[in-house]
Amino acid sequence: MEPTLAENPLPAFVSARPRLFGIAYRMLGSAAEAEDIVQDVWLRWQSCDRSAVLDAGAYLATMTTRMAINLAQSARSRREKYVGPWLPEPVDTSADPGLGAERGQALELAVLVLLEKLSPVERAAYVLREAFDYPYRQIAEILRLSEENTRQLVTRARKHIADGRRVPVAPAEQRRLLDAFLAAAQKGDLAALEGLLAADVVSYSDGGGVVRAAGVPVMGRTAVAKFIAAFSGHYWKGVTLEWIEANGQACVLLCRDGAAVALATVDASAEGIEQVLWVMRPSKLSGVVRGDARPQAG
1 MEPTLAENPL PAFVSARPRL FGIAYRMLGS AAEAEDIVQD VWLRWQSCDR
51 SAVLDAGAYL ATMTTRMAIN LAQSARSRRE KYVGPWLPEP VDTSADPGLG
101 AERGQALELA VLVLLEKLSP VERAAYVLRE AFDYPYRQIA EILRLSEENT
151 RQLVTRARKH IADGRRVPVA PAEQRRLLDA FLAAAQKGDL AALEGLLAAD
201 VVSYSDGGGV VRAAGVPVMG RTAVAKFIAA FSGHYWKGVT LEWIEANGQA
251 CVLLCRDGAA VALATVDASA EGIEQVLWVM RPSKLSGVVR GDARPQAG
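According to the UniProt record's numbering, the sequence shown is numbered sequentially starting from 1.
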């Protein structure tokens, strides 16, 4: 006779784990914090009264979402003290493009940045609906809200995302633009850079105070092009580029002397490159390094 759910908690948890991580990661923008939540859920799952649980997946997702909301509330105050622009911690999605979701929504770095501006409850409602296709009734139960309020939260979050980002280009075009941008950046080709950038482009560099990076976002086509071209003579020396898929889109890992020093990607629309994202804090690169590469210390 096979052990029951009450006797063996592992199979149900293993089955749900990709989804639990996907929910927590989208909520927090941090693979390390998401992993901590998943581990905490596992410990609580082992000690709870599982004989009273009718749907293990729903129970685990509810526990994960509520814990992520609590952590997101405290994370907001911590990020207000963050040194320089804060960007999400990228994750490798080459094996699982959706990170346990029904759809790969709310995963691209540019979307996660926008989600940061929502309240944790709004973010949870959006993630559960858009990425995991939960019915409104179930989301309402998870969030302890009425179904009407839940629909309003999702609608408000959708509008925030739509207002904050133009319609993105297809993946092949995004990769082409990133390739062209990197080629122009390495040459310091000001005209080529300006030709690729949208008029209101923004460049974000997340060094977290650990490595040298721009302390504020650089905004506007001319300013961003000049900023990128200014360090072409020294920054790219000895740098190798490794194409990877992170957060469901093409990215490039920049390595020097066998160590990963940055992840670069762009978010683009028909207007051109809208955002240039540089993740430079070494601790944020551990989820995307491959082969012999390693993040720098810090």
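Backbone N, C-alpha and C fix where the C-beta goes; we use that ideal spot for every residue, glycine too.
Beta-carbon proximity of residue i to residue j, cut-off 8 Å
| i | j | result |
| --- | --- | --- |
| residue 299 | arginine 19 | Nothing can be reported for residue 299: it is not among the residues displayed for the chain, which extend from 1 to 298. |
| glycine 238 | aspartate 257 | yes |
| valine 127 | leucine 143 | no |
| glutamate 245 | threonine 222 | no |
| arginine 175 | leucine 114 | no |
| valine 218 | valine 211 | no |
| alanine 250 | threonine 265 | yes |
| leucine 196 | glycine 272 | yes |
| leucine 277 | alanine 229 | no |
| leucine 118 | alanine 157 | yes |
| valine 201 | glycine 220 | yes |
| alanine 192 | alanine 198 | no |
| residue 356 | tyrosine 59 | Outside the displayed span of the chain (1 to 298) sits residue 356, for which this structure offers no information. |
Own chain residues within Cβ distance below 7 Å of residue i, not counting five before or after
| i | result |
| --- | --- |
| tryptophan 42 | Phe13 |
| valine 279 | Leu87, Pro90, Asp206, Ala262, Leu263, Leu285 |
| leucine 71 | Leu28, Glu33, Ile37 |
| glutamine 186 | Ser232, Trp236 |
| arginine 17 | Val38 |
| leucine 153 | Val121, Glu122, Ala125 |
| proline 9 | Trp45, Gln46, Arg50 |
Helix, strand or coil at residue i according to DSSP, with G and I counted as helix
| i | result |
| --- | --- |
| glutamate 245 | strand |
| tyrosine 82 | coil |
| glutamate 141 | helix |
| serine 283 | helix |
| aspartate 200 | strand |
| proline 168 | strand |
| arginine 212 | coil |
| alanine 162 | helix |
| aspartate 179 | helix |
| alanine 191 | helix |
| aspartate 96 | coil |
| methionine 1 | Residue placement at methionine 1 cannot be trusted, given a pLDDT of 40 that sits under 50; what the coordinates show is reported in the next sentence. Three-state DSSP puts methionine 1 in coil, outside helix and strand. |
| valine 53 | coil |
| residue 301 | Since the first residue shown for the chain is 1 and the last is 298, residue 301 is missing from the structure and cannot be characterised. |
| valine 218 | strand |
| glutamate 108 | coil |
| glutamate 89 | coil |
| glutamate 7 | coil |
| tyrosine 235 | coil |
| proline 135 | coil |
| valine 288 | coil |
| glutamate 116 | coil |
| serine 74 | helix |
| serine 146 | coil |
Residue i, buried or exposed, once every other Cβ within 10 Å from all chains shown has been counted against 16
| i | result |
| --- | --- |
| methionine 27 | buried |
| asparagine 247 | buried |
| tryptophan 45 | buried |
| phenylalanine 231 | exposed |
| valine 288 | buried |
| threonine 65 | buried |
| methionine 1 | Confidence is the limiting factor: at methionine 1 the pLDDT is only 40, short of 50, which leaves the residue's position unreliable, though a coordinate-based value still follows. Exposed is the call here. |
| serine 77 | exposed |
| alanine 162 | exposed |
| arginine 281 | buried |
| serine 203 | buried |
| alanine 24 | buried |
| arginine 129 | buried |
Residues of its chain near residue i, where Cβ-Cβ distance is below 6 Å and the 5 sequence neighbours each way are ignored
| i | result |
| --- | --- |
| methionine 67 | Ile37 |
| glycine 215 | Gly84 |
| glycine 98 | Gly104 |
| serine 30 | Glu89 |
Sheet register partners of residue i (DSSP bridge)
| i | result |
| --- | --- |
| isoleucine 273 | Leu197, Ala268 |
| threonine 240 | Cys255 |
| valine 41 | None; valine 41 has no bridge partner. |
| aspartate 206 | Val279 |
| methionine 27 | None, per the DSSP bridge assignment. |
| leucine 263 | Leu253, Val279 |
Contact set for residue i: own chain, Cβ-Cβ below 8 Å, skip 5 residues either direction
| i | result |
| --- | --- |
| alanine 270 | Arg166, Val167, Val169 |
| leucine 177 | Val169, Leu196, Val266, Ala268, Gly272, Ile273 |
| aspartate 96 | Pro18 |
| asparagine 149 | Ala140 |
| leucine 107 | Arg26, Thr93, Gly98, Leu99, Ala101, Ala131, Asn247, Gly248 |
| arginine 137 | Glu147 |
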